[in-house]
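Visitor: Order-wise, the sequence lines are chains A and B.
All residue numbers for the first sequence refer to my numbering, where the first residue is 1 and numbers rise by one.
All residue numbers for the second sequence refer to my numbering, where the first residue is 134 and numbers rise by one.
Think of the CB as a built atom: it goes at the ideal place given N, C-alpha and C, for glycine as much as any other residue.
Bear in mind that the values here come from a model prediction, so they are computed numbers and not experimental data.
Please see the structure below; I have some questions.
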Amino acid sequence: MIEGAKWRRWIYFYLPLGLFVFTLLFPFYWMLVTTFRPDNELYRPWMAPNYTPFWTSHPTLDHIKYLFNETLFGTWMINTLFIALASTAISLFCGLLARPPTLMSSPSFSHIATRASIRSSTVLRGRSTMPIR
Amino acid sequence: MAISSYALTEPYARASRRGAITRLLEDERWLALVLLLPTVLLLAVFIAYPFVIGVELSVTDAKVGVPGSFVGLHNFAVLANDSIFRTAVWNTFVYTGVTTVFKLALGLWLALLLNRHFKGKALTRAFVLLPFIIPTVLSTFAWKWMFDPTFSVINWTLFQLGLIHGRINWLGDPGLAMVSIIIVNVWRGVPFYAISLLAGLQTISPELHEAAAIDGARPWQRFWHVTWPLLLPVTMVVVLFSIIQTFADFQLVYVLTGGGPANSTQLFATYAYQIGVGTGLLSQGAAISLAMFPVLLIVVIVQLLYIRRVEIH
Chain A
1 MIEGAKWRRW IYFYLPLGLF VFTLLFPFYW MLVTTFRPDN ELYRPWMAPN
51 YTPFWTSHPT LDHIKYLFNE TLFGTWMINT LFIALASTAI SLFCGLLARP
101 PTLMSSPSFS HIATRASIRS STVLRGRSTM PIR
Chain B
134 MAISSYALTE PYARASRRGA ITRLLEDERW LALVLLLPTV LLLAVFIAYP
184 FVIGVELSVT DAKVGVPGSF VGLHNFAVLA NDSIFRTAVW NTFVYTGVTT
234 VFKLALGLWL ALLLNRHFKG KALTRAFVLL PFIIPTVLST FAWKWMFDPT
284 FSVINWTLFQ LGLIHGRINW LGDPGLAMVS IIIVNVWRGV PFYAISLLAG
334 LQTISPELHE AAAIDGARPW QRFWHVTWPL LLPVTMVVVL FSIIQTFADF
384 QLVYVLTGGG PANSTQLFAT YAYQIGVGTG LLSQGAAISL AMFPVLLIVV
434 IVQLLYIRRV EIH
């Protein structure tokens with residue numbers, strides 16, 4: 001913990017953490033505002049006097065409607081989901097079979113691994129051939 | 134007769150065959166081989182095969198639609214006299230070096246901040262990871278919009294604060310374009326460093342800090358003599374992993390600047406893509422990618438040696 005007066009806590013902890021969080025998350029806020037911003041406001045140069053960067057007074061759902069009605073967003077979503085599931089399944093399968101012994105030392109993993117190896121050795125004639133580490 | 138003998142021997146043969154396989158799997162060496170087979174196959178098809186094809190391409194004069202013939206090291210000789218290639222090499226080293234220093238410094242700082250107890254700790258940790266989770270292409274597009282010379286919110290903010298008086302052409306000016314891709318890469322990389330180092334920080338026993346504090350160590354001394362040495366193994370792994378990723382970076386630069394303006398942000402990967410796929414000189418592109426290989430090999434060897442040393446001790 002930071003010792004001393006309260007202002008030291010603000011200077012050394014809350015201020016830097018706040019700056020970090022702000023900088024790391026700002027682009028996401030920007031994406032969100034841009035989503036609901038109408039086109040005529042979107043294409044307004046930053047030098048224009050009525051440029052309102054951080055807020056929009058005329059939020060619109062046009063862009064979301066466009067995404068669902070005019071594009072194949074649903075198909076893209078399903079494709080992405082399929083690829084994610086398939087690649088996770090394949091790498092999980094390969095990784096589980098070829099797991100390095102070092103992983104076994106982590107308590108939660110070795111619990112699962114032990115149970116899995118007992119199960120697999122039961123399949124292999126009900127005798128444990130693999131040393132349970 | 135023939136039919137009855139077949140009917141008799143068939144189940145017996147099957148049973149003995151199954152027995153043979155099971156017996157084989159009882160042997161630990163064979164079992165290990167079988168268990169490793171899927172991974173080996175996957176690595177062979179998706180990593181070893183493309184690599185071999187890459188090496189093969191780099192010593193031919195293949196173009197798109199032309200199989201090409203063997204030309205030895207001609208492609209690499211061409212690279213040695215290619216000024217754009219030299220720019221790309223220099224850019225890649227600058228890009229990797231500068232971003233790694235900033236990512237490590239800021240990531241460690243953030244990790245130290247997140248390691249304290251405060252309200253909303255779990256939520257903050259989760260949200261801070263967002264830039265790393267989101268697909269690079271997506272977040273880079275958001276940055277591209279923020280850097281746009283006409284619509285830039287960054288320009289507006291700096292102008293309102295009175296720091297600038299004209300427009301800043303973030304992606305159009307050769308020097309600033311490099312600064313821009315470095316900013317976005319650091320923004321994307323800091324969460325990865327922070328969360329990995331935070332995991333390392335949590336394994337350090339607080340008793341050591343208490344003992345050091347009782348002995349009169351100031352916060353800075355406690356960091357330098359307790360936290361830093363104990364965190365070093367994790368730091369090494371994270372840094373080396375990040376160097377490999379950054380050195381071969383493609384998406385971010387391709388989306389943000391495409392290697393421009395005037396090749397000022399051209400990296401190994403973007404230049405290889407431009408020559409190999411853009412202009413169709415497959416062999417030349419393969420040679421550029423392969424030129425990256427020795428550097429990455431050294432990094433990987435250092436990493437393996439270090440990890441082994443840590444595991445032994």
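Using 8 Å as the cut-off, can you tell me whether the stretch 243-253 of chain B makes contact with the stretch 413-430 of chain B, which would need three or more C-beta pairs spanning the two stretches below that distance?
Guide: No, the stretch 243-253 of chain B is not in contact with the stretch 413-430 of chain B.
Visitor: Run through the DSSP bridge pairs and tell me what residue 167/B is partnered with.
Guide: BP columns for residue 167/B are empty, so no partner.
Visitor: Exposed or buried, which one is residue 236/B when buried takes at least 16 other CB atoms within 10 Å?
Guide: Result: buried.
Visitor: Can you tell me whether residue 57/A is buried or exposed, with buried defined as 16 or more other CB within 10 angstroms of its CB?
Guide: Exposed.
Visitor: Just by C-beta distance, which residues in the stretch 223-249 of chain B are closer than 9 Å to chain A?
Guide: Within the stretch 223-249 of chain B, the residues whose Cβ lies closer than 9 Å to some Cβ of chain A are 239, 242, 243, 246, 247 and 249, listed in chain order.
Visitor: Alpha carbon to alpha carbon, what distance is there between residue 182/B and residue 195/B?
Guide: C-alpha separation (whole angstroms): 18 Å.
Visitor: Following the continuous alpha helix (DSSP H) through residue 29/A, name the residue where it begins and the one where it ends.
Guide: Its alpha helix (DSSP H) spans residues 15-36.
Visitor: Got a sec? Which residues, its chain only, sit under 8 Å from residue 41/A by beta carbon, not counting five neighbours each side?
Guide: Around residue 41/A: 52, 56 and 58.
Visitor: Just list the residues that DSSP pairs residue 196/B with in beta bridges.
Guide: DSSP, once it has assigned bridges, lists 199/B as partnering residue 196/B.
Visitor: Pop quiz: residue 288/B and residue 267/B are said to be a contact at Cβ under 8 Å. What is the actual Cβ separation, rounded to whole angstroms?
Guide: Their Cβ separation, rounded to whole angstroms, is 24 Å, which puts residue 288/B and residue 267/B out of contact at 8 Å.
Visitor: Relative to chain B, which residues along the stretch 74-94 of chain A have a C-beta separation below 9 Å, given in chain order?
Guide: The residues in question are 90, 91, 93 and 94.
Visitor: When burial is assigned at 16 or more other CB atoms within 10 Å of the CB, is residue 434/B buried or exposed?
Guide: By the neighbour-count rule (16 or more Cβ atoms within 10 Å), residue 434/B is not buried but exposed.
Visitor: Should residue 331/B be flagged as near chain A, meaning a C-beta pair shorter than 9 Å?
Guide: For residue 331/B, the answer is no, since every Cβ of chain A falls outside 9 Å of its Cβ.
Visitor: Taking the straight line between their C-alpha atoms, what separation do you get for residue 277/B and residue 283/B?
Guide: Approximately 11 Å, taken between the alpha carbons.
Visitor: Counting beta carbon pairs with one atom in the stretch 210-228 of chain B and one in the stretch 390-398 of chain B, are three or more of them shorter than 8 Å?
Guide: At 8 Å Cβ cutoff, the stretches touch.
Visitor: To the nearest angstrom, report how far apart residue 12/A and residue 232/B are at their CA atoms.
Guide: C-alpha separation (whole angstroms): 24 Å.
Visitor: For the ligand PLP, is there a heavy atom less than 8 Å away from the beta-carbon of residue 13/A?
Guide: No copy of the ligand PLP occurs in the structure displayed, which carries no ligand at all.
Visitor: Can residue 409/B and residue 419/B be called in contact, C-beta distance under 9 Å?
Guide: Cβ atoms of residue 409/B and residue 419/B: closer than 9 Å.
Visitor: Under a CB-based cut-off of 9 Å, is residue 20/A close to chain B?
Guide: By this cut-off, residue 20/A is an interface position.
Visitor: Would you say residue 25/A lies against chain B (beta-carbon separation less than 9 Å)?
Guide: So yes, residue 25/A belongs to the interface.
Visitor: Would you tell me roughly how many angstroms separate the C-alpha atoms of residue 252/B and residue 258/B, rounded to the nearest one?
Guide: Computed Cα separation, rounded: 11 Å.
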